[in-house]
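What follows is one structure encoded as structure tokens, with my remarks underneath.
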DNA sequence: TTATGTCTAATGAACGTTCTATATATAATA
DNA sequence: TATTATATATAGAACGTTCATTAGACATAA
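If you want it as structure tokens, here you go:
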């Protein structure tokens, strides 16, 4: 092979995807050109096209990789013992930390919610969220046997994610402080709100 | 003027913006071309450029218009009398209905949270959300005097908005039903959760 | 006459993609 | 082992398209 840059094709593909993920997260599908990605990996666009048939495929593979990385990390959080309250508290703490640590995953998720077609959303739901979502829903059932577990699981995730989503905006809203972006602060607030309602928060 | 298509420049500008808003909401800034917009209004791109100096300006004006439309609608919801609980219930019901009725506003908001620069986010915060956000925060203070009103106001908005955001995804998640997209169902769930916590939901 | 609204046509840049060539590794063969 | 053939990884250059934007002309209202 000509002046090999990578160990093999798999290495090349992984390197490309790892460079592509943060770029797609930051700028979206149409905000990143194949030339940009090629330049970032220091290969020609022709070489990039040797490894991926087209941009859409590269995007899908990047998305799948970003999601696969995280799906693994979330999967064992709820398996531990404890009262439902304890397990909820622990889940929220870990989920918040996970989502704020690596923003690529969260931002790609938001982009998919905005622009994803049915195929990509189904993939996302079934291969990334489904099992963990079911666990959270089950936990909700333990805490409130007659509640709508689906609605409740969405609410739990939404509380955490919306605080992270609004990070760039909240500094301009009344009472906004940097500490409101601290995952621990968010997690504690969300946990309290879920377990006790507004009145229980002070 | 040559074969006048509009009553005057203001009419032209408004017509263009009204065509642009849903397009920018659906496809984002880079997903809509000036050609597309010109075609939609049945004018040439040159004419479009006669009314707007560049694409960025057209986008900003469209955004500002979409936001101004809604800011008005939200502004008087909390002025009414009643117990804090009653006012919260009413606010959530109206906010949910408003946000689900016209999705352009909500989607543009989501896009700004993803891609908005500091200038646009500040504009959004100060000219659209600030006063109403303060009202919600104040209401939270009435319900829980020692709580962090900023965090609470974000949580309230987030609960509603996240349910709407996840509309295209929830059908693929366990327990998802069409009725979960009903604004009344969402509002009732959110209100209950806020006032009573998870346990109060069943 | 002058300012305004409109058009056709063009410009230059960026983009996704492909053509063609070449250097290297691997496998088959003598 | 030495030689040849094949497949793979790479790059330079170009193609065709679309894009934002502009130049210049023309028509009409004031």
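Residue numbers (my numbering), protein chains in the order written: chain A, -5 to 196; chain B, -5 to 196.
Note that the Cβ used here is the ideal one computed from N, Cα and C, for glycine as well.
{"Asked": "Where residue 193 (chain B) meets chain A, residues with beta-carbon distance less than 8 Å", "Found": "137, 138, 189"}
{"Asked": "Cβ contact check for the region 38 to 52 of chain A and the region 85 to 97 of chain A: 3 or more pairs under 8 Å", "Found": "no"}
{"Asked": "Start-to-end residues for the alpha helix (DSSP H) that takes in residue 169 (chain B)", "Found": "Unbroken run through residue 169 (chain B): none, as it is neither H nor E."}
{"Asked": "Cβ-based contacts, 9 Å cut-off: residues of the region 79 to 95 of chain A near chain B", "Found": "82"}
{"Asked": "Chain A contact for residue 169 (chain B) (CB, 7 Å cutoff)", "Found": "yes"}
{"Asked": "Cα-Cα separation between residue 114 (chain A) and residue 43 (chain B), rounded to whole angstroms", "Found": "37 Å"}
{"Asked": "Interface flag, residue 76 (chain A) vs chain B, CB-CB below 7 Å", "Found": "no"}
{"Asked": "Pick from B:168, B:143, B:183 that is closest to residue 156 (chain B), judged by C-alpha positions", "Found": "B:183"}
{"Asked": "Same chain only: Cβ atoms within 6 Å of residue 87 (chain A), ignoring 5 sequence neighbours per side", "Found": "181"}
{"Asked": "Within-7 Å CB hit, residue 27 (chain B) to chain A", "Found": "no"}
{"Asked": "Option nearest residue 283 (chain B) by Cα separation, candidates B:151, B:170, B:57", "Found": "In the structure as shown, chain B begins at -5 and stops at 196. Residue 283 (chain B) is therefore absent and cannot be evaluated."}
{"Asked": "Under 7 Å between C-beta atoms of residue 56 (chain B) and residue 101 (chain B)", "Found": "no"}
{"Asked": "Of the residues B:-2, B:32, B:22, the one placed nearest residue 13 (chain B), counting alpha carbons only", "Found": "B:32"}
{"Asked": "Cβ separation of residue 130 (chain A) and residue 85 (chain A), assumed to be a contact under 8 Å, to the nearest whole Å", "Found": "7 Å"}
{"Asked": "Cβ of residue 143 (chain A) within 7 Å of any chain B Cβ", "Found": "yes"}
{"Asked": "Residue 25 (chain B) in three-state terms, based on DSSP", "Found": "helix"}
{"Asked": "Residue closest to residue 125 (chain B), alpha-carbon to alpha-carbon, out of B:66, B:5, B:196, B:28", "Found": "B:66"}
{"Asked": "Beta-carbon neighbours of residue 101 (chain B), restricted to chain A and to distances below 8 Å", "Found": "108"}
{"Asked": "Minimum Cβ-Cβ distance from residue 153 (chain A) to chain B less than 7 Å", "Found": "yes"}
{"Asked": "Close-in-space but distant-in-sequence residues of the same chain around residue 79 (chain A) (CB under 8 Å, 5 per side omitted)", "Found": "137, 189"}
{"Asked": "Alpha helix (DSSP H) segments (min. 4 residues) lying fully within the region 6 to 92 of chain B", "Found": "28 to 35, 39 to 45, 49 to 68"}
{"Asked": "Residue 229 (chain B) versus residue 104 (chain A) - alpha carbon distance", "Found": "Nothing can be reported for residue 229 (chain B), as the shown portion of chain B is limited to -5 through 196."}
{"Asked": "C-beta neighbour in chain B for residue 172 (chain A), strict 7 Å", "Found": "no"}
{"Asked": "Coil, strand or helix - residue 163 (chain A) by DSSP", "Found": "helix"}
{"Asked": "Residue burial classification, residue 145 (chain B) (beta-carbon count within 10 angstroms, cutoff 16)", "Found": "buried"}
{"Asked": "Reference residue 106 (chain A), options B:163, B:127, B:140, closest by Cα", "Found": "B:163"}
{"Asked": "Outcome for residue 47 (chain A) when other beta-carbon atoms lying within 10 angstroms are tallied against a minimum of 16", "Found": "exposed"}
{"Asked": "Nearest-angstrom Cα separation, counted from residue 133 (chain B) out to residue 76 (chain B)", "Found": "11 Å"}
{"Asked": "Boundaries of the alpha helix (DSSP H) in which residue 130 (chain B) is found, first to last residue", "Found": "124 to 137"}
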